[in-house]
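Okay, so here's the structure we're looking at.
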Amino acid sequence: MVNSNCKVTVIVVSYNQAQYLTRAIESILNQTYEDYSILLVDDGSTDDSLRIAGQMADLHPSKIEVAHHAEHENKGLLRTYQFALSMGKGEYIAFLEADDWWDRNFLKNKVEILNQNKQVGVVFSGYKVVSEGWYGCDMILRQIMMRWFTHRRRPFNNMRSLLKRNNIATFSSFVTRNDLLNSVSIQCYPDMVYFDWWILLQLSMQNLTCLDHETSVYWQIHRESTLGRQTLDLHKKRLIRFLDFVYESIEQNVELLDDDCRSYFFHMKRKLPYLKEFYSNPDSLNFLRFFRRDPLWAFETLLSYWINRQKYGT
Numbered sequence: 116m117v118n119s120n121c122k123v124t125v126i127v128v129s130y131n132q133a134q135y136l137t138r139a140i141e142s143i144l145n146q147t148y149e150d151y152s153i154l155l156v157d158d159g160s161t162d163d164s165l166r167i168a169g170q171m172a173d174l175h176p177s178k179i180e181v182a183h184h185a186e187h188e189n190k191g192l193l194r195t196y197q198f199a200l201s202m203g204k205g206e207y208i209a210f211l212e213a214d215d216w217w218d219r220n221f222l223k224n225k226v227e228i229l230n231q232n233k234q235v236g237v238v239f240s241g242y243k244v245v246s247e248g249w250y251g252c253d254m255i256l257r258q259i260m261m262r263w264f265t266h267r268r269r270p271f272n273n274m275r276s277l278l279k280r281n282n283i284a285t286f287s288s289f290v291t292r293n294d295l296l297n298s299v300s301i302q303c304y305p306d307m308v309y310f311d312w313w314i315l316l317q318l319s320m321q322n323l324t325c326l327d328h329e330t331s332v333y334w335q336i337h338r339e340s341t342l343g344r345q346t347l348d349l350h351k352k353r354l355i356r357f358l359d360f361v362y363e364s365i366e367q368n369v370e371l372l373d374d375d376c377r378s379y380f381f382h383m384k385r386k387l388p389y390l391k392e393f394y395s396n397p398d399s400l401n402f403l404r405f406f407r408r409d410p411l412w413a414f415e416t417l418l419s420y421w422i423n424r425q426k427y428g429t
């Protein structure tokens with residue numbers, strides 16, 4: 116039986132990731148920190164994922180629990196994460212996507228920071244992109260910018276960054292407190308693909324974030340992933356819809372923000388139409404209008420858009 120009193124629950128959501136799953140689980144089992152359990156939730160895989168998960172659970176019965184939807188149904192990434200979050204038991208919750216893997220001290224460093232800083236709600240690592248061609252190039256750009264502008268091992272307010280971009284970028288990068296997760300909304304529109312961004316933004320509204328710069332997550336980005344399969348038009352529509360949802364949701368709960376964050380939120384809300392206009396119609400005039408309001412955000416958006424155009428095609 117899995118030890119339900121472990122300090123950290125590591126949630127691994129898997130769908131048809133048999134070729135990567137063993138590597139992901141072994142990177143958890145090889146952690147220098149040992150007070151954890153693994154909750155592996157399968158989303159109706161049709162490959163060997165469930166068999167591999169069962170074999171690893173048999174080998175490590177005190178560490179690994181395997182779960183799935185009723186009748187092994189495939190319900191999609193969003194509903195599977197929602198299901199997994201309802202089952203997390205540890206004081207801290209970590210996530211590892213089934214095609215990613217961690218450095219050996221990933222959990223150890225995160226737990227130390229959370230134990231020592233009660234005001235910190237999220238601790239994350241930078242990522243090393245493992246990809247092919249243009250896949251992941253936009254995330255490499257974001258990683259470079261994150262390292263330039265993020266304090267190391269010093270708590271900071273990450274809400275300002277998350278209103279523009281997901282600088283943490285992937286579920287696999289961070290660890291948070293379970294009681295905080297239980298206080299945020301996991302409800303959203305059905306086809307949201309930025310669920311990690313939505314969770315992180317809510318966590319940042321009232322809690323500080325800290326960067327663990329000593330460890331990394333290895334982030335596999337490929338054509339078979341949810342984001343890898345989309346077209347450029349679908350990418351644009353998804354991003355704009357998500358930002359509209361986020362800003363509307365925060366405005367409905369703006370009283371939860373302190374005065375500085377509230378002021379910054381409304382400041383950013385006035386800039387949002389210029390990003391949306393540029394993404395909808397990326398010509399030079401719309402870029403210049405956006406650039407006048409926020410040069411750095413506009414420049415980053417332009418580079419990201421150009422890379423996504425190479426990646427997804429016109």
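Take the sequence shown: its position 61, counted from the start at 1, is 176 in my numbering, and no numbers get skipped.
Note that the Cβ used here is the ideal one computed from N, Cα and C, for glycine as well.
### Message
Nearest by alpha-carbon distance to K243: which of Q234, A284, S276, F210 is it?
### Response
A284
### Task
Give the DSSP bridge partners of G325, in chain order.
The sequence shown places Cys at residue 325, not Gly. Looking at the DSSP assignment, C325 forms a beta bridge with V238.
#### Entry: Span separating the alpha-carbon of E415 from that of T346
20 Å
#### Entry: Bridge-paired residues (DSSP) for D79
In this structure the chain extends from 116 to 429, so residue 79 is not present and cannot be described.
### Reduced DSSP category for S298 - H, G, I as helix; E, B as strand; rest coil
coil
### Query
Taking I314 as the reference, which of C325, L136, F289 has the closest Cα?
F289
### Task
Indicate whether the contact test is met: 3 or more Cβ pairs, each with one atom in the segment 155 to 172 and one in the segment 125 to 137, closer than 8 Å.
yes
### Query
Taking C-alpha atoms, which residue in K386, D359, C121, N368 lies nearest to K204?
C121
#### Entry: Where the beta strand (DSSP E) through V290 begins and ends
289 to 292
### Task
Give the straight-line distance between the Cα atoms of R275 and W412, rounded to the nearest whole angstrom.
12 Å
### Message
Buried or exposed, going by whether 16 or more other CB atoms sit within 10 Å of the CB of W312?
### Response
buried
#### Entry: Distance between beta carbons of S331 and D218, contact taken as under 8 Å
5 Å
### Beta-carbon proximity list for T147, same chain, < 7 Å, skipping 5 on both sides
R219, N220, K223
### Query
Can you give, in chain order, each stretch of the alpha helix (DSSP H) that sits fully within the segment 365 to 395 and has at least 4 residues?
374 to 395
### Task
Evaluate R407 with the Cβ neighbour count: other Cβ atoms within 10 Å of its Cβ, from every protein chain shown; 16 or more gives buried, anything less gives exposed.
exposed
### Message
I'd like the list of long-range same chain contacts for Y394, defined as Cβ closer than 8 Å, with 5 residues on each side in sequence excluded.
### Response
K351, L354, I355, T416, Y420
### Message
Quick check: the Cα distance between Q367 and D294, rounded to an integer number of angstroms?
### Response
22 Å
### Message
Given a cut-off of 7 Å on the beta-carbon distance, is the pair C216 and Y130 in contact?
### Response
In the sequence as presented, Cys is not what sits at residue 216; that position holds Trp. No, they are not a contact pair.
### Query
What number of angstroms, rounded off, separates the C-alpha of Q321 from the C-alpha of N118?
31 Å
### Task
Please name the residue in K225, V361, R138, K386 whose C-alpha comes closest to that of V308.
V361
### Message
With H, G and I counted as helix, E and B as strand and the rest as coil, what does DSSP make of S246?
### Response
coil
### Query
The alpha helix (DSSP H) with A213 in it runs from where to where?
First-last for A213: undefined, no H or E at that position.
### Task
Using a threshold of 7 Å, state whether the C-beta atoms of L278 and I208 are closer than that.
no
### Query
Which value, in whole angstroms, describes the spacing of the CA atoms of D374 and F380?
10 Å
### Task
Could you please give me the residues that DSSP links to Y151 through a beta bridge?
V123
### Query
If we count the other Cβ atoms within 10 Å of its Cβ and call it buried at 16 or more, is S378 buried or exposed?
exposed
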